[in-house]
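> Numbering (this note's numbering), first residue to last: 2 to 93. Ideal Cβ positions, reconstructed from N, Cα and C, are used throughout, including at glycine. Fair warning: this is a prediction, and the values are worked out from it, not measured in the lab. Let me begin by handing over the structure; questions about it come next.
Pasting the structure below:
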């Protein structure tokens with residue numbers, strides 16, 4: 002059980018590889034271990050394990066991005082309305 006918790010997946014020395022998909026990045030089963038300086042699988046274990054520390058997401062950033070998304074949506078609505086008006090004028 003103790004070795005189960007020391008998988009490279011949870012180690013801070015692992016830089017996991019990702020593959021670009023259509024909509025987002027997909028995590029692979031491999032990565033670069035900075036301690037060993039070699040490619041390892043995420044299920045490997047070693048004696049140099051250092052637990053990865055996760056940081057909390059900055060909620061202020063989330064609200065700022067949400068506000069920017071609302072502004073972009075509003076700009077899109079204005080552009081679509083102008084485009085529809087131009088289409089209507091050309092048909093007359």
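1. I'd like the span of the alpha helix (DSSP H) that includes residue 1, first residue to last.
2. Going by the beta-carbon positions, is the gap between residue 54 and residue 89 smaller than 9 Å?
3. For residue 51, which residues from the same chain have a beta carbon less than 7 Å from its beta carbon, with the 5 sequence-adjacent residues on both sides left out?
4. In three-state DSSP terms, what is residue 165?
If we stick to the structure as given:
1. Shown here, the chain extends from 2 to 93; a query on residue 1 therefore has no answer.
2. Taking 9 Å as the cut-off, the beta carbon of residue 54 is found no closer than this to the beta carbon of residue 89.
3. 12, 13 and 14
4. An answer regarding residue 165 cannot be provided, because it is not within the stretch 2 to 93 covered by the chain.
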